[in-house]
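Step one of this worksheet: look at the structure below.
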Amino acid sequence: MVAARSVNTTLRGLTLTLTLAALLLGGIVASAVLGQLPVSAAEVGGSLLRSLGIQNAWAPTDSIVESTLWVVRFPRIAMAMVVGAALAVAGAVMQAIFGNPLAEPGVVGVSSGAALGAAIAIVVGVAALGDSAIALFAFVGGLLATLLVYFVSRANGRTEVVTLLLTGIAVNAFAGAGLAFLLFVADSGSREQIVFWQLGSLNGSRWSEVLIVALVTAIGLVAAVVLARPFDLLALGERNARHLGVNVERLRIVSIVIVALLTGVAVAFVGIIAFVGLVVPHAMRMAIGPAHRPLIVASAVGGAVLLVLSDLLARSVVPGGDLPIGLLTSLVGGPFFFYLLFRQRRQSGGWA
Amino acid sequence: MISARNVSVRLDSRAILDDVSLDVAPGEVLALVGPNGAGKSTLLSVLSGDRKPDSGTVTIDGRDLGGIRHAELARLRAVLTQENTVSFPFRVSEVVAMGRSPWSRSLESRDDVAVVNNALAVTDVAHLGERRFTTLSGGEKARVSLARVLAQHTPVVFLDEPTAALDLRHQEDVMRVARSIAADGRAVVVVLHDLSLAGAYSDRLALIAHGTLDAIGTPSEVLTAERVERVYGLAVDLHDVGGHPVVVPRR
Chain A
1 MVAARSVNTT LRGLTLTLTL AALLLGGIVA SAVLGQLPVS AAEVGGSLLR SLGIQNAWAP
61 TDSIVESTLW VVRFPRIAMA MVVGAALAVA GAVMQAIFGN PLAEPGVVGV SSGAALGAAI
121 AIVVGVAALG DSAIALFAFV GGLLATLLVY FVSRANGRTE VVTLLLTGIA VNAFAGAGLA
181 FLLFVADSGS REQIVFWQLG SLNGSRWSEV LIVALVTAIG LVAAVVLARP FDLLALGERN
241 ARHLGVNVER LRIVSIVIVA LLTGVAVAFV GIIAFVGLVV PHAMRMAIGP AHRPLIVASA
301 VGGAVLLVLS DLLARSVVPG GDLPIGLLTS LVGGPFFFYL LFRQRRQSGG WA
Chain B
1 MISARNVSVR LDSRAILDDV SLDVAPGEVL ALVGPNGAGK STLLSVLSGD RKPDSGTVTI
61 DGRDLGGIRH AELARLRAVL TQENTVSFPF RVSEVVAMGR SPWSRSLESR DDVAVVNNAL
121 AVTDVAHLGE RRFTTLSGGE KARVSLARVL AQHTPVVFLD EPTAALDLRH QEDVMRVARS
181 IAADGRAVVV VLHDLSLAGA YSDRLALIAH GTLDAIGTPS EVLTAERVER VYGLAVDLHD
241 VGGHPVVVPR R
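Listed in order, the protein sequences are those of chains A and B.
Heads up: the first sequence at position 290 corresponds to 290 in my numbering, and the numbers run straight through without jumps.
Heads up: the second sequence at position 158 corresponds to 158 in my numbering, and the numbers run straight through without jumps.
Structure representation (structure tokens):
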């Protein structure tokens, strides 16, 4: 029985890995090919090979094509991947410590807290100190929001859906009001940037920004994978996890910092992109089960896939236009959230 | 093995436990009984290290419980709580295997598969191994949770009302499991409501009333008609069935 089960698990894991890899590769190539300047898939491949030091015949000879790929499209694709991974892992970690599959950085207000922090950085003027200053402020904003939501919405070691969502409403309202106030007092340059945060966009991503997000995401991902086993035990409830040797208080604090780091760094550079942390871990859980080690790794890859494809859609659905990606994910994520809510309500026979 | 001395717990200046002292010895099943709200569960959580007493001490093998790290404590005692929900749809076999986690990266972890399979078998849930925990009935959840606690395989096992959700046969099964743990030289502390069940399966019985230890001793010493009537406020008859006291309310 145990052997048959592990074969089955391996098969599911393999199928998922191959599917995600194919989607990611297809999404990357399509994103690099499509755009105002037509580039062939062969040129994309050739350019990538040349950057690795392999000379080949496919590489573009036109320097405009080359710079379009390396200055505009590749950094944008890379940003989509790292931000998607960061948000999906943040969602998975949040659901683990809240013991609730509906917890998500966007829904409960962590993202808007981070956006408020970033906006403050701009209006006060510390943004002039560099990209890291905005990221730091976004992190602090996200951290405060996470702590608030966590300690307000928990009771007896679990979070009820109603309390969680109500807390989210309050945090989102407060952060929204803060953003509106900053919009009101800011000069026109800062105003544009703040509006950009509220909708989320990958437009204009630079390699220097990608590097910061990638670094923080890598740290967050490794930390989350290390904590995967304690997350599993936490599913039994806080008391039972403690009986099994988990230092719940420490796990809680470390996890909250991870969520704030991942959300903060993503929001600081691309604005609020909601529901990624909700949809991706849920889909992965359905595919490979709730064990956190594979779940967190799969969520990172799944998040990357989702954002690469969403961004592709965002900039190709309106010809010549560039839709805010946050708008797109909310358009899909909103109904999905509603479906989850409805299902959970039916299962537990109430808004428990 | 476990030794509580003059333990008191207060909640808003009301005494939940008042000056309770007792010892738990290896190889015994100690039942904690008493009316609702008497402090049984509080005593259990103090003995298991969940709750720090406001005064008094609890030691395990002579060491103060409060000074032992979470990870080490998890190798000394296991606890079956009354609330057993699982937030995500883990499989039954995965939930039971979680009981082995305190032993990961130790020599004992080589026995993981055997211990888990044995725990699944003695709690009669082996056939549920592939099911999702969240789809089980109340009684099945209770037995799977017991299996997880057994898989932890600790010298001391605490069971807080393990029979509450179970049918007659599974109640007897659980108490037989408790006896076999004791026969293995380990200790079991179990909170029970059914006095006859406690009388039949425990070596010693501690009767808690109003936060104090009213009596402790063998079942036939503790369970007298006079004492049960006084503590529970209900007239009862005591019968002897096969050497074990059976308590029947006078109707």
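Positions of the beta carbon are idealized from the N, C-alpha and C atoms, including for glycine.
Only a predicted model underlies this, so the values are computations on that prediction, with no experimental measurement involved.
(1) Which class does P38(A) belong to by DSSP, given the choice of helix, strand or coil?
(2) Report, in whole angstroms, the separation of the C-beta atoms of P249(B) and L234(B), which I expect to be a contact under 8 Å.
(3) Should the segment 209-225 of chain A be called in touch with the segment 286-299 of chain A, which here means at least 3 C-beta pairs below 8 Å?
(4) Using CA atoms only, rank isn't needed, just tell me which of V276(A), N240(A) and A103(A) is closest to S45(B).
(5) Assuming T263(A) and V110(A) are in contact, meaning their beta carbons sit under 8 Å apart, how far apart are those beta carbons, in whole angstroms?
(6) Mind checking if A352(A) is an interface residue toward chain B, Cβ cutoff 8 Å exclusive?
(7) Hey, could you find the ends of the alpha helix (DSSP H) S63(A) is sitting in?
(8) Going by DSSP in three states, A3(A) sits in which element: helix, strand or coil?
(9) According to DSSP, is S21(B) helix, strand or coil?
(10) Please look up how many angstroms separate the CB atoms of L80(B) and F158(B), rounded, as I've assumed it's under 8 Å.
(11) Measuring alpha carbon to alpha carbon, tell me which residue in V228(B), T42(B) and V24(B) is nearest A15(B).
(12) When you compare the segment 158-168 of chain B with the segment 5-24 of chain B, are there three or more beta-carbon pairs, one atom per stretch, that lie closer than 8 Å?
(13) Whose C-beta lies closer than 7 Å to the C-beta of T17(A) among residues of the same chain, with five residues either side of it excluded?
(14) Any Cβ of chain A within less than 8 Å of the Cβ of V115(B)?
(15) Say whether chain B places a C-beta atom closer than 8 Å to the C-beta of G13(A).
(16) Mind checking whether V332(A) and A114(A) have CB atoms under 8 Å apart?
(17) Does G35(A) get closer than 8 Å to chain B when you measure Cβ to Cβ?
(18) Using a C-beta to C-beta distance shorter than 7 Å, which residues of chain B count as neighbours of L236(A)?
(19) Whole angstroms are fine: how far does the CA of G204(A) sit from the CA of L307(A)?
(20) Between R315(A) and chain B, is the shortest Cβ-Cβ distance under 8 Å, so that the two count as touching?
(21) If M284(A) and G302(A) are in contact, beta carbons under 8 Å, what's the gap, nearest whole angstrom?
(22) Using beta-carbon positions only, say whether A78(B) and V190(B) come within less than 8 Å of one another.
(23) Does chain A have any CB closer than 8 Å to the CB of P102(B)?
(24) I'd like to know if E140(B) contacts chain A, where contact means its C-beta is closer than 8 Å to some C-beta of that chain.
(25) Quick one: is the Cβ of L166(A) within less than 7 Å of any heavy atom of the ligand SAH?
(26) Under 8 Å, Cβ to Cβ, is there at least one residue of chain A near P89(B)?
(27) Can you find a CB in chain A that lies within less than 8 Å of the CB of H153(B)?
(28) Apart from the five residues on each side of it in sequence, which residues of its chain come closer than 6 Å, Cβ to Cβ, to T68(A)?
(29) Got a sec: is the Cβ-Cβ distance from V157(B) to anything in chain A below 8 Å?
(30) Would you call the CB atoms of A21(A) and T146(A) closer than 8 Å?
(31) Step through the CB atoms of chain B and report whether any lies within less than 8 Å of the CB of G142(A).
(32) By the three-class DSSP mapping on this structure, what secondary structure does A135(A) have?
(33) Can you tell me the Cβ-Cβ gap for L207(B) and V231(B), rounded? I've got them flagged as a contact below 8 Å.
According to the structure shown:
(1) Shown here, P38(A) sits in coil according to DSSP, grouped into three states, outside any helix or strand.
(2) With 8 Å as the limit, P249(B) and L234(B) qualify as a contact, their Cβ atoms being about 6 Å apart.
(3) A contact is defined here as three or more CB-CB pairs under 8 Å, and the segment 209-225 of chain A meets this definition with respect to the segment 286-299 of chain A.
(4) Ranking V276(A), N240(A) and A103(A) by Cα distance to S45(B) puts N240(A) first.
(5) Correct: roughly 5 Å between the Cβ atoms.
(6) Summary for A352(A): the model assigns pLDDT 40, below 50, so the residue's position carries little reliability; its value from the coordinates is reported in the next sentence. Not closer than 8 Å to any Cβ of chain B, the Cβ of A352(A) fails to qualify, so no.
(7) For S63(A), the uninterrupted alpha helix (DSSP H) segment begins and ends at S63 to S67.
(8) Legend: pLDDT at A3(A) = 46, less than 50; position of this residue unreliable, value from coordinates given subsequently. If DSSP states are grouped into helix, strand and coil, A3(A) belongs with the helices.
(9) Three-state result, S21(B): strand.
(10) Their Cβ separation, rounded to whole angstroms, is 7 Å, which keeps L80(B) and F158(B) in contact under 8 Å.
(11) Here the closest residue by C-alpha is T42(B).
(12) Too few Cβ pairs lie closer than 8 Å, so no.
(13) Excluding five sequence positions before and after T17(A), none of the CB atoms of its chain fall closer than 7 Å to its own CB.
(14) No, V115(B) lies away from the interface with chain A (no Cβ there is under 8 Å from its Cβ).
(15) Under the 8 Å criterion on CB atoms, G13(A) is classed as non-interfacial with respect to chain B.
(16) The answer is no: Cβ separation not under 8 Å.
(17) Not flagged as an interface residue toward chain B: G35(A), since no C-beta distance is shorter than 8 Å.
(18) Going along chain B in sequence order, the residues near L236(A) (Cβ under 7 Å) are V86 and M98.
(19) In a straight line, the C-alpha of L307(A) is about 16 Å away from that of G204(A).
(20) Interface with chain B (8 Å Cβ-Cβ cutoff): R315(A) is excluded.
(21) Confirmed, about 5 Å.
(22) No, they are not a contact pair.
(23) For P102(B), the answer is yes, since a Cβ of chain A falls inside 8 Å of its Cβ.
(24) Output row for E140(B): interface = no.
(25) No copy of the ligand SAH occurs in the structure displayed, which carries no ligand at all.
(26) Closer than 8 Å to the CB of P89(B) there is at least one CB belonging to chain A.
(27) No, because no Cβ of chain A sits closer than 8 Å to the Cβ of H153(B).
(28) For T68(A), same chain residues with a beta-carbon under 6 Å away, outside a window of 5 residues either side, are L37 in chain order.
(29) Interface residue (Cβ-Cβ distance to chain A less than 8 Å): V157(B) is not classified as such.
(30) In this structure, T146(A) does not lie closer than 8 Å to A21(A) by Cβ.
(31) G142(A) does not count as touching chain B.
(32) If DSSP states are grouped into helix, strand and coil, A135(A) belongs with the helices.
(33) About 6 Å separates the beta carbon of L207(B) from that of V231(B), a gap short enough to meet the 8 Å contact definition.
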